[in-house]
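Number 481 in the UniProt record's numbering belongs to position 481 of the sequence shown; there are no gaps in the numbering.
Just so it is clear, CB atoms sit at the ideal spot from N, CA and C, and this is done for glycine as well.
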Amino acid sequence: MTTSWHDFDRQPTLLPGGLLDDLRGKVLDPQGDVVLAGQDVRATAYIPDTLLVPANDAASIDALGDVAIGHAWQPEPEAEPDPRPWRSIKRVKIAPRPGVAAQAPDAWDLLQNVRLTQPELAARASLNHILTLSPFTESSPFTHSSPFTESSPFTESSPFTHSSPLGGYATPGWGGRQPVAYVGRPPHRRAKLTRRRPVVALLDSGCGRHPWLDDVVTCNRTIDGLPIGLDAAHGPEMLPDTVGPLDGGLDAYAGHGTFSAGLVHQAAPDADIHAWRILPAEGALVEADLIDALDDLAELVRRGREGAPDGLLIDVLSLSVGYYHELPDDPLFDGPLWSSLARLLALGVVVVCAAGNDATARPRFPAAFGPWEGGGGPIPWDDSSDASWAPLVSVGALNPNGTCDALFSNVGPWVRTHAPGAAVVSTMPTTFQGGMQAQAESMAFGRKRASVDPDDFSAGFGVWSGTSFAAPLLAGRIAAELLDGRRLPEDPVARAREAVARVTGLVSP
Numbered sequence: 001m002t003t004s005w006h007d008f009d010r011q012p013t014l015l016p017g018g019l020l021d022d023l024r025g026k027v028l029d030p031q032g033d034v035v036l037a038g039q040d041v042r043a044t045a046y047i048p049d050t051l052l053v054p055a056n057d058a059a060s061i062d063a064l065g066d067v068a069i070g071h072a073w074q075p076e077p078e079a080e081p082d083p084r085p086w087r088s089i090k091r092v093k094i095a096p097r098p099g100v101a102a103q104a105p106d107a108w109d110l111l112q113n114v115r116l117t118q119p120e121l122a123a124r125a126s127l128n129h130i131l132t133l134s135p136f137t138e139s140s141p142f143t144h145s146s147p148f149t150e151s152s153p154f155t156e157s158s159p160f161t162h163s164s165p166l167g168g169y170a171t172p173g174w175g176g177r178q179p180v181a182y183v184g185r186p187p188h189r190r191a192k193l194t195r196r197r198p199v200v201a202l203l204d205s206g207c208g209r210h211p212w213l214d215d216v217v218t219c220n221r222t223i224d225g226l227p228i229g230l231d232a233a234h235g236p237e238m239l240p241d242t243v244g245p246l247d248g249g250l251d252a253y254a255g256h257g258t259f260s261a262g263l264v265h266q267a268a269p270d271a272d273i274h275a276w277r278i279l280p281a282e283g284a285l286v287e288a289d290l291i292d293a294l295d296d297l298a299e300l301v302r303r304g305r306e307g308a309p310d311g312l313l314i315d316v317l318s319l320s321v322g323y324y325h326e327l328p329d330d331p332l333f334d335g336p337l338w339s340s341l342a343r344l345l346a347l348g349v350v351v352v353c354a355a356g357n358d359a360t361a362r363p364r365f366p367a368a369f370g371p372w373e374g375g376g377g378p379i380p381w382d383d384s385s386d387a388s389w390a391p392l393v394s395v396g397a398l399n400p401n402g403t404c405d406a407l408f409s410n411v412g413p414w415v416r417t418h419a420p421g422a423a424v425v426s427t428m429p430t431t432f433q434g435g436m437q438a439q440a441e442s443m444a445f446g447r448k449r450a451s452v453d454p455d456d457f458s459a460g461f462g463v464w465s466g467t468s469f470a471a472p473l474l475a476g477r478i479a480a481e482l483l484d485g486r487r488l489p490e491d492p493v494a495r496a497r498e499a500v501a502r503v504t505g506l507v508s509p
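What follows is the structure, encoded as structure tokens:
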């Protein structure tokens, strides 16, 4: 039985004003913005003055100009040629025509007019959505990546003071970000292997310093001398308090990438990890930047498959970012993002995506690009021609007991597997010592005594929650199977499909 998209009506909370201002963003209002007859429009967050079109598609840009002139707008594509010819999209800025009074440009309004007058163009142009991570932070995935965080753990004594049981996951002691002491042995990494180490890629907030990771994680590898993503030296893994009040408190997502890398390392100690920072400290990014990073990774993998010395063989990619689409019924939506993902899948890279933390069945992308249970969804995974793709796996979060899903975890036929993601333990940058202090300190018999400092992670470990962390954990498990699994096929795509089937029990269409 094919599931209808109309079955999912619950709306997640969207971006608050502060983050919208930081990203020049807007939330689409299905009640107040332009909606064509017969459309099932949902709320989403996007950049209002930009549309995405395929690279080198001059005809689409000209057609956009023909439609925009009726609003006294004009398209302004990126002027400088991109030194990376493999990139698949071009950003087209929408600006008022000089000397003409006009309302502020709105990409959604323009796209709706394109659908009316030039429907063939609508399949090639798309909004520039805003994506966020997936730790648990209580309000929404648009304000947070995909772990659970909270501004102060001392404002609430227990999860039962929250208006919803979901809030407990954000409270230290109940799954929220807090320091812990790790007393076990480090993961055992073999010095020599008889085969290539699997490679797990993280497009996240970067990776900070930790003794477990210093010889395991490679940060910010370039391509042709050009950067992929953002400058890691000024990211939230190195500078943990760069937004919000000047109080020394850790930013909501500070440590997210390091925590994710530690989960991969625990699941696959012999794997190599490559981490790139694509997220600013606010924990949100625009779709075009994600597509650029995916295109860069695909080019690295292509070169690696061809034996080029500047290539990189990536086996698994973990993505904790996501967004909710405005037209889930439209089978042609978001060609640019899916095309970039499909290029990686065709090269044999497994893509693991966090399902999100809104306790909703509304499909979240890119996780919902994967196969749906019972059929349906936007991508025809059951087409026999698609046997050339490695799996795209959507993953929800389990509670620590492993027998039930975390209450915050998104749900639906598009969430195909689950991994521990609530109150998990992993690495934090040892440089993190936030602005909070222990509640009480004293001296007795020559020894200092104190309660726990809630944001002192100098011991290097913490607890956190979110589907953000189920994704890298599952990515690590798949990497471990790729290394140690018996009798896996040699072909990269077939090998990926078999490894995912063994780890998750999911058989690719």
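Let me know the secondary structure DSSP gives residue i once reduced to three states.
i           : result
Glu498      : helix
Asp115      : Going by the sequence as given, residue 115 is Arg instead of Asp. Three-state result, Arg115: helix.
Leu317      : strand
Phe160      : Low per-residue confidence applies at Phe160: pLDDT is 40, beneath 50, and the placement is therefore not dependable enough to give any value.
His234      : helix
Gly396      : strand
Ile291      : helix
Val493      : helix
Val452      : coil
residue 510 : Given a span of 1 to 509 for the chain in the structure shown, any question on residue 510 remains unanswerable.
Val27       : strand
Leu344      : helix
Val183      : coil
Phe154      : Only weak support is given to the placement of Phe154: the predicted model assigns it a pLDDT of 41, under 50, and the value that follows is read from those uncertain coordinates. The answer is helix: DSSP assigns Phe154 an H, G or I state.
Leu285      : strand
Val507      : coil
Ala55       : coil
Ala475      : helix
Val243      : coil
Leu300      : helix
Leu250      : coil
Leu193      : coil
Leu36       : coil
Leu488      : coil
With distances taken between CB atoms, is the gap from residue i to residue j smaller than 9 angstroms?
i      : j      : result
Gly370 : Ser394 : yes
Pro30  : Pro105 : no
Val35  : Val27  : no
Leu344 : Ala298 : yes
Phe461 : Pro172 : no
Thr258 : Glu282 : no
Asp272 : Pro83  : no
Ala346 : Ser388 : yes
Pro135 : Ser465 : yes
Val216 : His265 : yes
Glu326 : Ala43  : yes
What residues match up with residue i in a beta bridge as DSSP calls it?
i      : result
Trp464 : Val424
Ser219 : Reading the sequence as shown, one finds Cys at residue 219 and not Ser. The partner list for Cys219 (beta bridge, DSSP) reads Ala275.
Arg364 : Tyr324
His418 : Gly396
Gln178 : Val463
Ser205 : Arg277
Asp405 : Leu398
Val199 : Asp272
Val351 : Leu317 and Leu392
Below 8 angstroms CB to CB, which residues in the same chain sit around residue i once its five sequence neighbours on both sides are set aside?
i      : result
Leu52  : Ile89, Lys90, Arg91, Val92, Ala125, Ser126, Leu127, Asn128, Glu287, Ala288, Ile291 and Pro336
His188 : Pro269
Ala101 : Ala72
Leu116 : Leu36
Val425 : Val180, Tyr182, Phe461, Gly462 and Val463
Leu313 : Arg196, Val199, Val301, Gly304 and Arg305
Pro119 : none
Thr155 : Since pLDDT at Thr155 reaches only 45, below the 50 mark, its modelled position is unreliable, and the value read off the structure follows with that caveat. Taken in chain order, the list of residues that qualify is empty.
Could you pull out every residue in the same chain whose Cβ sits closer than 6 angstroms to the Cβ of residue i, ignoring the five residues on either side in sequence?
i      : result
Ser318 : Leu202, Val352, Ala471, Pro472 and Ala475
Arg416 : Ser394 and Leu506
Ser508 : Pro391 and Arg497
Glu441 : Ala450
Val411 : Ala361
Arg190 : Asp270
Ile228 : Trp276, Ala293 and Asp296
Asn399 : Ala406 and Ala422
Using a Cβ-Cβ cutoff of less than 7 angstroms, which residues in the same chain neighbour residue i once the five nearest sequence positions on both sides are dropped?
i           : result
residue 579 : Coverage of the chain is limited to positions 1 through 509, which leaves residue 579 absent and any answer about it impossible.
Pro366      : Leu319, Gly322, Leu337, Leu341 and Cys353
Thr161      : Unreliable placement is indicated for Thr161, whose pLDDT of 44 sits below 50; the coordinate value is still reported in the next sentence. Here the set comprises nothing.
Ala459      : Pro179 and Ala181
Asp491      : none
List in chain order: all unbroken alpha helix (DSSP H) runs of 4+ residues lying wholly within the stretch 424–449. If we require 4 residues or more, the stretch 424–449 turns out to have no alpha helix (DSSP H) run fully inside it.
Enumerated in chain order, which unbroken segments of the alpha helix (DSSP H) with a length of 4 residues or greater are wholly contained in the stretch 70–139? 107–117 and 119–122
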